[in-house]
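Residue numbers (this note's numbering): 3 to 200.
Worksheet: the structure to be examined is printed underneath.
Written as structure tokens, this is what we have:
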């Protein structure tokens, strides 16, 4: 993983590989406990055009999220109709105790005519901490220039922040993006990916 400020490598020489409890995130944890990266397995999530994830470099005090894929051309994003997209979310949760990998179900209700979307997650859990319904997220996004952006908060209102997104695939068949929330001496960053429902 390379960003503008840091480079971190997770591979077979320095990390242990596992799947999240829901089987949809690949997690590589450094053997020296210096950090982890989790990313969505496209096949197990039903993604044809994208993946997402989150990472933490505990020794460097850095963390982040990503959403990658084959973006829909702006001209191919619908300008009318509505659609529901369902999928998963995952990332890193950090508090005063340490960090944990989080995962959840994700959904968006998109109104292309109104240029808005409703984002929500449920069934949130932490790999070490267990069920965490208080960390379920929801918020409203606006669609502009072929992308999405808005504000979100956790179910218990202890954390708030931003969420973004982009359309992936031919005719906007998928939506994915990242989120970043802070509050109550905690931070949660990660990504999500969803697929248009019939």
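For each residue, glycine too, the CB sits at the ideal point set by N, CA and C.
Please read all numbers here as calculations on a predicted model, not as lab measurements.
{"Query": "CB contact flag (residue 197, residue 48, <7 Å)", "Result": "yes"}
{"Query": "Length of the line joining the Cα atoms of residue 73 and residue 26", "Result": "22 Å"}
{"Query": "Minimum C-alpha distance to residue 107 - residue among 60, 19, 23 and 145", "Result": "23"}
{"Query": "Through-space distance from residue 68 to residue 96, alpha-carbon basis", "Result": "17 Å"}
{"Query": "Three-state class that DSSP yields for residue 45 in the structure shown", "Result": "helix"}
{"Query": "Beta-carbon gap between residue 62 and residue 40 smaller than 7 Å", "Result": "no"}
{"Query": "Bridge partners - residue 203, DSSP secondary structure assignment", "Result": "Within the shown structure, residues of the chain are numbered from 3 to 200, placing residue 203 beyond reach of any answer."}
{"Query": "Residue 159 burial status per 10 Å Cβ neighbour count (16 or more: buried)", "Result": "exposed"}
{"Query": "Identified DSSP bridge partners for residue 192", "Result": "93 and 181"}
{"Query": "Runs of beta strand (DSSP E) lying entirely within the segment 88-139, each at least 3 residues, in chain order", "Result": "101-113 and 118-128"}
{"Query": "Candidates 169, 88, 189 and 167, of which the one nearest residue 155 by Cα", "Result": "189"}
{"Query": "The beta strand (DSSP E) enclosing residue 1, as first and last residue numbers", "Result": "Nothing about residue 1 can be reported from this structure: the residues present for the chain run from 3 to 200 only."}
{"Query": "Helix, strand or coil at residue 34 according to DSSP, with G and I counted as helix", "Result": "coil"}
{"Query": "Collapsed DSSP secondary structure at residue 142 in the structure displayed", "Result": "strand"}
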